[in-house]
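Per our numbering, residue 24 is the first one in the sequence shown, and the count goes up by one each step. Glycine included, each C-beta is placed from N, C-alpha and C at the ideal position. As the structure is a prediction and not an experimental result, all values here were calculated from the model. Data first, discussion second: the structure below is written as structure tokens.
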Amino acid sequence: MPLLCVNVDHVATVRQARLGIEPDPVTAAAMCELAGAAGIIMHLREDRRHVQDRDIDLISQTIQTQFHFEMAATEEMQQIALRITPATVCLVPEKREELTTEGGLNCIGQEKRLIEYLAPLHEKGIGSSLFIDADPKQIKASHAIGAEYVEIHTGHFADAKNRAEQKTELARIIDGIKMCQDLGLKVNLGHGLNYTNIFDFAEVPGICEYSIGHSIMSRAMFSGVDRAVRDMVEIIRNFAD
Ligand code: PXP
24 MPLLCVNVDH
34 VATVRQARLG
44 IEPDPVTAAA
54 MCELAGAAGI
64 IMHLREDRRH
74 VQDRDIDLIS
84 QTIQTQFHFE
94 MAATEEMQQI
104 ALRITPATVC
114 LVPEKREELT
124 TEGGLNCIGQ
134 EKRLIEYLAP
144 LHEKGIGSSL
154 FIDADPKQIK
164 ASHAIGAEYV
174 EIHTGHFADA
184 KNRAEQKTEL
194 ARIIDGIKMC
204 QDLGLKVNLG
214 HGLNYTNIFD
224 FAEVPGICEY
234 SIGHSIMSRA
244 MFSGVDRAVR
254 DMVEIIRNFA
264 D
């Protein structure tokens, strides 16, 4: 049965809009766990635009499920991962100017570097995942690198302009999933998945985890807004005239 892991970066984005202490992504993570999430994902970006080092430290101390640490393959992130020992690291490409992770990691020609990069993490018992496009060449390279998981990038599928384009992307992803499974790579999916497009994967066998952030936090705002407004109305109603 596939599992849901929730990315709480977007909670940190709202907090960083005011550089304050709320909403706290660590509290969000605990609530996601209570609601049944099988794991929590945070991406500590080099520019610290949303998740902060403090979040990574706290989540690693309080996680009750599995912490998946998304990061660029830099020396700094490797040291942090070795210190906090998440369940897995997921290597992603990172560009300063991007709004979010825009494409998969390029593993081609990086095999030796990434084998060496992951070795100390594997030695510490940390699992590894590579965030890649559903491209046969990237899948072969990921297999050569020896990561346990790949996370196939579903962003192009999610962003497709029409159903025909979406179906083309879906077919590419499904072919990619099969190829990974034939090679013995475990497959996760992530990026841009929502309450509508996820149904396209309902019949696809063998997917381990769905990594979902933005659509869940977007829905949380609306499913929570009624109560949040009522609470404030109630407070103000009890004030003196
Ligand atoms: N997987 C990876 C590698 C990501 O970078 C992201 C976005 O932070 C996600 C999954 C989750 O994507 P979304 O927020 O669109 O659900």
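Burial state of residue i (16 or more Cβ within 10 Å)
i: Ile44; result: exposed
i: Glu93; result: buried
i: Thr177; result: buried
i: Gly229; result: exposed
i: Phe90; result: buried
i: Phe245; result: exposed
i: Phe222; result: exposed
i: Tyr233; result: buried
i: Val256; result: exposed
i: Met24; result: exposed
i: Ala142; result: exposed
i: Glu192; result: buried
Residue i vs residue j beta-carbon contact at 8 Å
i: Arg195; j: Ala225; result: no
i: Gln87; j: Glu56; result: yes
i: Ala60; j: Val29; result: yes
i: Gly215; j: Ile162; result: no
i: Ile235; j: Leu26; result: no
i: Met65; j: Pro46; result: no
i: Thr111; j: Ile149; result: yes
i: Ile103; j: Ile79; result: yes
i: Leu67; j: Val74; result: yes
i: Lys147; j: Leu206; result: no
i: Ile138; j: Ile168; result: yes
i: Val227; j: Ile197; result: yes
i: Cys231; j: Asn217; result: no
Nearest residue (CA-CA) to residue i, options the options
i: Glu69; options: Ala53, Glu139 and Gln101; result: Gln101
i: Pro116; options: Ala263, Ala142, Asn129 and Ala110; result: Asn129
i: Gln133; options: Asp249, Ser165 and Leu212; result: Ser165
i: Thr123; options: Ala95, Ala263, Leu208 and Arg242; result: Ala95
i: Gln39; options: Arg77, Ile107 and His179; result: Arg77
i: Val31; options: Glu121, Asp223, Ala243 and Tyr218; result: Ala243
i: Tyr140; options: Arg253, Cys113 and Lys160; result: Cys113
i: Arg41; options: Ala52, Ala58 and Arg72; result: Arg72
i: Asn220; options: Met54, Ser238, Phe262 and Lys160; result: Ser238
i: Gln204; options: Ile131, Ala51 and Pro159; result: Pro159
i: His126; options: Leu144, Pro109 and Ala181; result: The sequence given here places Gly at residue 126; His does not occur at that position. The shortest Cα separation from Gly126 among Leu144, Pro109 and Ala181 belongs to Ala181.
i: Pro109; options: Leu144, Arg253, Ala51 and Ile131; result: Leu144
i: Val37; options: Lys190, Lys209 and Ser241; result: Ser241
i: Ala51; options: Gly247, Asn261 and Lys135; result: Gly247
i: Gly213; options: Val252, His179, Met202 and Gln189; result: His179
Would you be able to state if there are at least three C-beta pairs under 8 Å between the region 142 to 155 and the region 166 to 186? yes
What runs of the beta strand (DSSP E), each 3 residues or longer, lie entirely inside the region 155 to 227? 172 to 176 and 209 to 213
Contiguous alpha helix (DSSP H) assignments of at least 4 residues, all confined to the region 85 to 134: Every alpha helix (DSSP H) of 4 residues or more that sits fully in the region 85 to 134 is shown, in chain order, as 98 to 107.
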